[in-house]
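In the working numbering, the protein residues as written are 21 to 312. Heads up: the structure comes next, in structure tokens.
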């Protein structure tokens, strides 16, 4: 089922692609409502936008801690448009449905990664309204689309152009999956920060990895396998490497690569390592890789 985008709520911390997205939405005559810094950025770009406080009839308060936590926002997001009771409730209360939620969250992880950050600074970067809107839109993906990643804006607009301003259920479902993964990772970072003891260790560990590629097979040819990477992995790690030649990798290839990479790191000069079944068969260092 296609859902035509008529009304969008946009509230973002990461403003990459914001103006371009909003301009494309206005070409489809989408009504945009927004908050705080996002509202100001849109107004400065001469994009027509309404403040959330105009919709709710309630001002932002507590230095922005309470902005979107209001029935006129969440009923508009959560209403199942296929359910007559829901649509009757919206009509009775004068609430317009919201078809698109574009939200990304306060930069908590980046904040706590700074040297000398205080607990108060960390707490102020724990987003409340944002995750609530994201989860509401993701839950109601049969009726609503949710965007949490600026890299998703261009294909989203392309689909709207292909469907006369509408988005498919398949896309909305995929976006909902991404949204729940996004909020789960966000909460994981908060828990890890607040629960770490003096040694930096939490009572529980939550790991979140992104799928990198499907492998040719697992440890044995009859086994399936995939490779995942930590999204925060440094550039100089194996999972950031580019395969230049050869057939698809297997699980054993990954183990061999890891062993070779770790051994090469033991040397200061350019080094070549040959590995078979996780065991080094040859190692050489020289002034150049070619000589090695």
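Don't be surprised by glycine CBs; every beta carbon is placed ideally from N, CA and C.
Where residue i falls: helix, strand or coil (DSSP)
i: residue 299; result: strand
i: residue 131; result: helix
i: residue 32; result: coil
i: residue 158; result: helix
i: residue 259; result: helix
i: residue 125; result: coil
i: residue 120; result: strand
i: residue 24; result: strand
i: residue 264; result: coil
i: residue 314; result: What the structure shows of the chain is the stretch from 21 to 312, and residue 314 is not part of that stretch, so it cannot be assessed.
i: residue 199; result: helix
i: residue 274; result: helix
i: residue 65; result: coil
i: residue 186; result: strand
i: residue 215; result: helix
Buried/exposed call for residue i, threshold 16 Cβ in 10 Å
i: residue 125; result: buried
i: residue 209; result: buried
i: residue 66; result: exposed
i: residue 176; result: buried
i: residue 202; result: buried
i: residue 173; result: buried
i: residue 161; result: buried
i: residue 117; result: buried
i: residue 151; result: buried
i: residue 62; result: buried
i: residue 215; result: exposed
i: residue 45; result: buried
i: residue 128; result: buried
i: residue 53; result: buried
CB contact flag (residue i, residue j, <8 Å)
i: residue 142; j: residue 213; result: yes
i: residue 237; j: residue 271; result: yes
i: residue 293; j: residue 300; result: yes
i: residue 232; j: residue 206; result: no
i: residue 165; j: residue 227; result: no
i: residue 345; j: residue 35; result: The requested residue 345 is not part of the displayed model; the chain covers only 21 to 312.
i: residue 279; j: residue 23; result: no
i: residue 99; j: residue 107; result: yes
i: residue 290; j: residue 261; result: no
i: residue 298; j: residue 269; result: no
i: residue 80; j: residue 73; result: yes
i: residue 303; j: residue 283; result: yes
Bridge partner(s) assigned by DSSP for residue i
i: residue 230; result: 249
i: residue 71; result: 54
i: residue 294; result: 302
i: residue 167; result: 122
Cβ separation of residue i and residue j, assumed to be a contact under 8 Å, to the nearest whole Å
i: residue 25; j: residue 122; result: Not quite, the Cβ-Cβ distance comes to about 11 Å (not below 8 Å), so this is no contact.
i: residue 234; j: residue 246; result: 5 Å
i: residue 97; j: residue 156; result: 4 Å
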